[in-house]
DNA sequence: ATATAATGTGACCAACAAGTCACTATTCTT
DNA sequence: AAGAATAGTGACTTGTTGGTCACATTATAT
């Protein structure tokens, strides 16, 4: 809950402040992030930050919800559930997230670190909420798959979910690492490479790594 | 490189200091860990810590290598490579790690956080080294599998590795969470449950989640 | 037993950064 | 245009904690 003053700011300034804050938190972590640096990054005085937020923690928490809401909107727009199964979702979802990554590397990286728990107990609640939403969604896809006959029925949904998440999360992490190492500007060649790995991952998801 | 004084300490005191430090770093993170608290935990004065280590960072780094060396020893003892394939390894490795977890929850949790990058750039080098060792090992198992005919040969090892790691890491993370929530004292019932999930994971690894 | 070296200690110091506040600048109201 | 309200500012205060150091204690050497 930012202060009244913050809400009355014009959108541009609000966004400047938040993005500067996210950049600092992302680069330095919560403890090492300096309010002074955030203020400088946003082009305001340190005192102003305290007109907007009670304290550092509140600012951070607001950044977290801001980033997550941004994604919720984006994801809602892009992926109509329809009657996809897990494989379609992994394929199309990965492409979408990849596009988003090119547009908003900072936000994606920040959200990723929230999700993977790098901010520790501070962002725990948000991170749990994020997991819950994703899980719910994926469980529905698994159920869809079972109905459509593309997912084996001898295992319970929870186990299938764990397996699916393991593979997709690792793939996402790999992408992040690759893309980070080239300053979020992958070449067309690298893009093809990832596409290739993605297809193989889906094949592995479906058929496993055992021989036949 | 701790100071000469530290090396001359008797083993018991050394271990008390390191374990107190790991406990504090684990509970609070690097920035919030207080030297005073570590000293208290180890039953020595704050000044003594500075007889042993140049500064907080050196102490932390030493904790990291200490914990990792502990595991290296443990793992070397337990898992002779022989000619296991990835499935055997996952099964027996999981059991071993589970036993270790019961004995040394603190060290396992600490190492896990190093591996997952929760300590950020501070432990980056150690975490990379840890990954490298694991990877090398797993790549050999994959090669074994291909030779023995238990792993499909149409995909390159790197891709298979990514898939394998995704599944196993997620499984480990799940175990950690479960076990943490009961103060590292799982009931026999919970143990069976994990064993069950483990077997299903192996089935999924081998055959995938596709029908047939 | 005495001298010397090594280790232990906790009050203290210095640095740093979160958060405050007295003042200025701007915007809104009538 | 005057006054009131709101927003902006950065020098200053304050709490915290990593690290020091002068002294106390213990171990080692002769």
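Chains as they are written, first to last, in the numbering used here: chain B, 1203 to 1414; chain Y, 1203 to 1414.
C-beta: ideal position from N, C-alpha, C; glycine also.
Since this is a predicted model, take the numbers as computed values, not measurements.
Per-residue burial, residue i [other beta carbons within 10 Å of its own, 16 or more giving buried]
i               : result
residue 1367(B) : buried
residue 1384(B) : exposed
residue 1294(B) : exposed
residue 1346(B) : buried
residue 1314(B) : buried
residue 1388(B) : buried
residue 1303(B) : buried
residue 1326(B) : exposed
residue 1221(Y) : buried
residue 1372(B) : buried
residue 1296(Y) : buried
residue 1203(B) : exposed
residue 1323(B) : exposed
residue 1333(Y) : exposed
Residue i to residue j span [Cα, whole Å]
i               : j               : result
residue 1286(B) : residue 1248(B) : 49 Å
residue 1319(Y) : residue 1264(Y) : 17 Å
residue 1331(B) : residue 1374(Y) : 21 Å
residue 1370(B) : residue 1250(Y) : 48 Å
residue 1207(Y) : residue 1239(Y) : 21 Å
residue 1292(Y) : residue 1401(Y) : 10 Å
residue 1230(B) : residue 1364(Y) : 29 Å
residue 1243(B) : residue 1277(Y) : 47 Å
residue 1241(Y) : residue 1234(B) : 24 Å
residue 1300(B) : residue 1338(Y) : 29 Å
residue 1415(B) : residue 1335(Y) : Here chain B covers residues 1203 to 1414 and nothing more, so residue 1415(B) does not appear.
residue 1266(B) : residue 1306(B) : 15 Å
residue 1259(B) : residue 1321(B) : 12 Å
residue 1273(B) : residue 1409(B) : 31 Å
residue 1275(B) : residue 1215(B) : 21 Å
residue 1350(B) : residue 1282(B) : 18 Å
residue 1407(B) : residue 1359(Y) : 16 Å
residue 1405(Y) : residue 1398(Y) : 11 Å
residue 1386(Y) : residue 1310(Y) : 11 Å
residue 1290(B) : residue 1394(B) : 18 Å
residue 1236(B) : residue 1212(B) : 24 Å
residue 1268(Y) : residue 1232(B) : 27 Å
residue 1390(B) : residue 1380(B) : 13 Å
residue 1357(B) : residue 1348(B) : 10 Å
residue 1298(Y) : residue 1355(Y) : 29 Å
residue 1382(Y) : residue 1382(B) : 32 Å
Rounded Cβ spacing between residue i and residue j (contact assumed at less than 8 Å)
i               : j               : result
residue 1175(B) : residue 1280(B) : Missing from the structure shown is residue 1175(B); chain B here goes from 1203 to 1414 and no further.
residue 1362(Y) : residue 1411(B) : 6 Å
residue 1413(B) : residue 1288(Y) : Contact doesn't hold; Cβ gap of about 12 Å is too wide.
residue 1329(B) : residue 1316(B) : 5 Å
residue 1225(B) : residue 1308(B) : 6 Å
residue 1469(B) : residue 1223(B) : One cannot answer for residue 1469(B) here, as it falls past the ends of chain B, which runs 1203 to 1414.
residue 1377(Y) : residue 1403(Y) : That belief does not hold up - the Cβ atoms of residue 1377(Y) and residue 1403(Y) are roughly 11 Å apart, past 8 Å.
residue 1312(Y) : residue 1392(Y) : Not a contact, Cβ separation roughly 22 Å.
residue 1218(Y) : residue 1245(Y) : 7 Å
Under 9 Å from the C-beta of residue i: neighbouring residues of chain Y
i               : result
residue 1343(B) : Simply none; closest approach about 11 Å.
residue 1357(B) : 1402, 1405, 1406, 1411
Contact set between residue i and chain B, taken where Cβ atoms lie within less than 8 Å
i               : result
residue 1238(Y) : Correct list: empty, because the minimum Cβ distance to chain B is about 17 Å.
residue 1408(Y) : 1410, 1411, 1412
residue 1231(Y) : 1233, 1322
Under 8 Å by beta carbon: chain Y residues contacting residue i
i               : result
residue 1353(B) : 1411, 1412, 1413
Proximal chain Y residues relative to residue i, where beta-carbon distance stays under 7 Å
i               : result
residue 1362(B) : 1411
Subject >> Residues within the segment 1386-1403 of chain Y neighbouring chain B, beta-carbon criterion of under 9 Å >> reply: 1398, 1399, 1402, 1403
Subject >> Short-range partners of chain B found in the segment 1365-1383 of chain Y, where Cβ spacing is below 9 Å >> reply: Interface annotation for the segment 1365-1383 of chain Y against chain B: 1365, 1366, 1367, 1368, 1369, 1370, 1371, 1372, 1373, 1375, 1376, criterion Cβ-Cβ distance under 9 Å.
**OP:** Please name the residues in the segment 1311-1339 of chain Y whose beta-carbon is closer than 8 Å to at least one beta-carbon of chain B, in chain order.
**Re:** 1318, 1319, 1320, 1322
Subject >> the segment 1260-1271 of chain Y: positions lying closer than 7 Å to chain B by Cβ >> reply: none
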